[in-house]
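Visitor:
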Amino acid sequence: MAEVRAEMVANVWKIVVAEGDTVAEGETLVILESMKMEIPVIAEDAGVVAQLKVAEGDVIQEGDLIAVIE
40 MAEVRAEMVA
50 NVWKIVVAEG
60 DTVAEGETLV
70 ILESMKMEIP
80 VIAEDAGVVA
90 QLKVAEGDVI
100 QEGDLIAVIE
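40 is the number of the first residue of the sequence shown in our numbering; add one for each residue after it.
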(Lines of atoms letter the chains of each structure in order from A and count residues from 1; the text may use other names and numbers.)
(Lines give C-alpha, C1' and ligand atoms only; values in the text may rest on other atoms or scores of the structure.)
Protein backbone atom coordinates (compact mmCIF):
# COMPACT_ATOMS: atom_id res chain seq x y z
CA MET A 1 0.00 0.00 0.00
CA ALA A 2 1.28 3.45 -0.89
CA GLU A 3 -0.02 6.73 0.49
CA VAL A 4 0.17 9.74 -1.82
CA ARG A 5 0.49 12.96 0.18
CA ALA A 6 0.57 16.65 -0.68
CA GLU A 7 4.02 18.22 -0.86
CA MET A 8 2.68 21.77 -0.48
CA VAL A 9 -0.38 23.87 0.25
CA ALA A 10 -2.45 23.91 -2.95
CA ASN A 11 -5.91 23.78 -4.48
CA VAL A 12 -7.13 20.53 -6.02
CA TRP A 13 -7.66 21.69 -9.61
CA LYS A 14 -8.52 18.43 -11.37
CA ILE A 15 -8.86 14.77 -10.42
CA VAL A 16 -7.66 12.55 -13.24
CA VAL A 17 -8.31 9.06 -11.82
CA ALA A 18 -11.18 7.41 -9.94
CA GLU A 19 -11.28 4.86 -7.14
CA GLY A 20 -10.83 1.40 -8.63
CA ASP A 21 -8.65 2.63 -11.53
CA THR A 22 -5.43 0.77 -12.24
CA VAL A 23 -2.50 3.17 -12.49
CA ALA A 24 1.08 2.81 -13.69
CA GLU A 25 4.13 4.20 -11.95
CA GLY A 26 4.51 7.81 -13.05
CA GLU A 27 0.85 8.25 -14.03
CA THR A 28 -0.86 11.50 -13.00
CA LEU A 29 -3.50 11.06 -10.29
CA VAL A 30 -4.49 14.63 -9.46
CA ILE A 31 -3.48 18.08 -10.69
CA LEU A 32 -2.95 20.73 -8.03
CA GLU A 33 -2.85 24.49 -8.56
CA SER A 34 -0.65 26.78 -6.52
CA MET A 35 0.40 30.33 -7.37
CA LYS A 36 -1.10 29.94 -10.90
CA MET A 37 1.07 26.86 -11.57
CA GLU A 38 -0.35 23.42 -12.31
CA ILE A 39 1.42 20.69 -10.35
CA PRO A 40 0.74 17.05 -11.27
CA VAL A 41 0.68 14.52 -8.44
CA ILE A 42 2.00 11.24 -9.79
CA ALA A 43 1.78 7.64 -8.66
CA GLU A 44 5.12 6.49 -7.27
CA ASP A 45 4.02 2.86 -7.54
CA ALA A 46 1.81 0.92 -9.93
CA GLY A 47 -1.41 -0.45 -8.47
CA VAL A 48 -5.09 0.20 -7.98
CA VAL A 49 -6.48 3.46 -6.57
CA ALA A 50 -8.07 2.19 -3.34
CA GLN A 51 -9.10 5.58 -1.93
CA LEU A 52 -9.28 9.16 -3.16
CA LYS A 53 -9.31 11.55 -0.21
CA VAL A 54 -9.75 14.86 -2.05
CA ALA A 55 -12.33 16.56 -4.26
CA GLU A 56 -11.92 19.18 -6.96
CA GLY A 57 -11.84 22.61 -5.35
CA ASP A 58 -10.45 21.38 -2.01
CA VAL A 59 -7.63 23.33 -0.39
CA ILE A 60 -5.07 20.89 0.94
CA GLN A 61 -2.17 21.38 3.31
CA GLU A 62 1.33 19.97 3.13
CA GLY A 63 1.25 16.35 4.28
CA ASP A 64 -2.49 15.83 3.62
CA LEU A 65 -3.45 12.40 2.26
CA ILE A 66 -4.50 12.62 -1.40
CA ALA A 67 -4.88 8.96 -2.37
CA VAL A 68 -4.07 5.40 -1.36
CA ILE A 69 -2.76 2.96 -3.95
CA GLU A 70 -2.75 -0.79 -3.30
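Even glycine gets a Cβ: it sits at the ideal position worked out from N, Cα and C.
1) Among the candidates E42, T67, E58 and V48, whose CA atom is the shortest distance from the CA of L91?
2) By Cβ distance, which residues of its chain are closer than 8 Å to V107, with the 5 residues on each side in sequence left out?
3) What does L71 pair with, by DSSP beta-bridge criteria?
4) Taking 7 Å as the cut-off, is the beta-carbon of S73 closer than that to any non-hydrogen atom of the ligand MN?
5) Does DSSP put A89 in a helix, a strand or coil?
6) Less than 6 Å between C-beta atoms, sequence neighbours within five positions excluded: which residues of the same chain meet that for T67?
Guide: The answer reads as follows:
1) E58
2) M40, A41, E42, V43, V88, A89, Q90 and K92
3) V51 and I78
4) Absent from the structure shown: the ligand MN. Ligands present: none.
5) strand
6) Excluding five sequence positions before and after T67, the CB atoms of its chain that fall closer than 6 Å to its own CB belong to V55, P79 and I81, given in chain order.
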